[in-house]
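For reference, the structure is listed below as structure tokens.
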Amino acid sequence: MTHDPLCQVLDPQYGMYVWPCAVVLAQYLWTQREALKDKTVLELGAGVSLPGVVAARCGAKVILSDSARTPLCLENCRRSCAANGLHDVEVLGLTWGEVSPDLVLLPELDVILGSDVFYEPQDFEDVLVTVAFLLRKNPTARFWTTYQERSADWSIEALLHRWSLTCVDIQLEEFGADRSELAASTLPGNHSVQMMMVTLRTEDVGL
Ligand SMILES: C[S@@+](CC[C@H](N)C(=O)[O-])C[C@H]1O[C@@H](n2cnc3c(N)ncnc32)[C@H](O)[C@@H]1O
Numbered sequence: 001m002t003h004d005p006l007c008q009v010l011d012p013q014y015g016m017y018v019w020p021c022a023v024v025l026a027q028y029l030w031t032q033r034e035a036l037k038d039k040t041v042l043e044l045g046a047g048v049s050l051p052g053v054v055a056a057r058c059g060a061k062v063i064l065s066d067s068a069r070t071p072l073c074l075e076n077c078r079r080s081c082a083a084n085g086l087h088d089v090e091v092l093g094l095t096w097g098e099v100s101p102d103l104v105l106l107p108e109l110d111v112i113l114g115s116d117v118f119y120e121p122q123d124f125e126d127v128l129v130t131v132a133f134l135l136r137k138n139p140t141a142r143f144w145t146t147y148q149e150r151s152a153d154w155s156i157e158a159l160l161h162r163w164s165l166t167c168v169d170i171q172l173e174e175f176g177a178d179r180s181e182l183a184a185s186t187l188p189g190n191h192s193v194q195m196m197m198v199t200l201r202t203e204d205v206g207l
């Protein structure tokens with residue numbers, strides 16, 4: 001394995017690279033830096049954890065998570081924190097769709113992050129089950145997520161409805177991310193990254 005200073009690792013696991021979506025979400029977080037101070041933020045499927053690291057550097061209390069089945073990714077989350085001088089960021093194994101003790105015992109959350117977590121259609125519902133569980137426990141929290149539509153039949157609309165969730169699109173031009181280069185990174189390139197904010201549909205869950 002080869003390591004770089006950002007803790008990307010040449011390894012077949014998806015969580016070992018920074019994906020274009022992560023750069024875009026990190027840019028959004030930077031524009032929200034005042035609001036993020038002292039907020040509690042959980043990142044799902046964090047991988048190299050660029051958005052979570054940026055949130056922590058903005059003064060948020062951050063918990064990073066990745067699949068409980070990929071200890072190498074979890075170790076890489078820890079390395080990213082260490083490389084950025086972040087010593088109080090908790091790293092948890094949270095597998096989408098599983099209600100584990102670590103999930104249930106999370107503190108109150110303000111923001112949930114997910115960068116490129118909608119990439120495998122068979123996992124979409126598991127991601128949203130976890131998000132719905134967390135938003136029911138934290139009804140005012142928001143799920144900020146960036147994604148790439150990689151196939152023509154990409155859609156989570158029916159799943160959002162099934163789990164009493166709703167979303168609004170956040171246009172990349174609203175936060176200066178509609179460019180192929182961001183913060184000196186060429187990663188966004190010509191990938192068509194999009195962003196949305198998911199919340200609980202309160203009228204459906206009686207809140
Ligand atoms: C495409 S990568 C994105 C990584 C990172 N968020 C980024 O944008 O650079 C997808 C991430 O989801 C994680 N993942 C995949 N399946 C998962 C599951 N069932 N539960 C939790 N995390 C999962 C992977 O380990 C990986 O870190």
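Residues in the sequence shown are numbered from 1 upward in steps of one, following full-length UniProt numbering. Ideal placement from N, C-alpha and C gives every residue a C-beta, glycine not left out.
Own chain residues within Cβ distance below 8 Å of residue i, not counting five before or after
i	result
D38	G59, A60, K61
H87	C81
Unbroken beta strand (DSSP E) run spanning residue i, endpoints
i	result
T199	193-200
L44	40-44
L64	61-66
G114	111-115
L165	165-170
W30	Looking at the DSSP string, W30 is not in any beta strand (DSSP E); the run it does join, the alpha helix (DSSP H), is 20-31.
R142	142-148
Nearest-angstrom beta carbon gap, residue j and residue i [assumed within contact, 8 Å]
i	j	result
L128	I156	7 Å
E108	N138	6 Å
V117	G189	Not confirmed; about 20 Å, so no contact.
T199	T146	Actually they are not in contact, since the Cβ atoms of T199 and T146 sit about 16 Å apart, beyond 8 Å.
M197	W144	6 Å
CA-to-CA distance, residue j to residue i, given in whole angstroms
i	j	result
V53	L29	10 Å
A83	G93	20 Å
L135	C21	22 Å
L182	Q122	30 Å
D41	L106	The residue you asked about is not Asp; residue 41 is Val in the sequence shown. Cα-Cα distance, rounded: 11 Å.
W19	M195	14 Å
M1	A68	With a pLDDT of only 49 at M1, under 50, the local geometry of the prediction cannot be trusted, and no value is derived from it.
V193	P101	33 Å
I63	L103	11 Å
Unbroken alpha helix (DSSP H) run spanning residue i, endpoints
i	result
G85	Counting along the chain, G85 falls outside any alpha helix (DSSP H), and DSSP gives it neither H nor E.
D178	Element bounds for D178: n/a, residue is neither H nor E.
L103	101-104
F133	124-137
Own chain partners of residue i with C-beta closer than 7 Å, once the 5 adjacent residues on each side are dropped
i	result
D110	K39, T40, V41, A141
P51	A22, L25, A26, L29, E43, L113, S115
T95	S67, A68, R69
Contact test: residue i Cβ vs ligand 2 heavy atom, cutoff 6 Å
i	result
D66	Absent from the structure shown: ligand 2. Ligands present: ligand 1.
6 Å CB neighbourhood of residue i in its chain, flanking five on each side removed
i	result
E125	L159
F133	none
F172	Inspection of the sequence shows that residue 172 is occupied by Leu rather than by Phe. D178.
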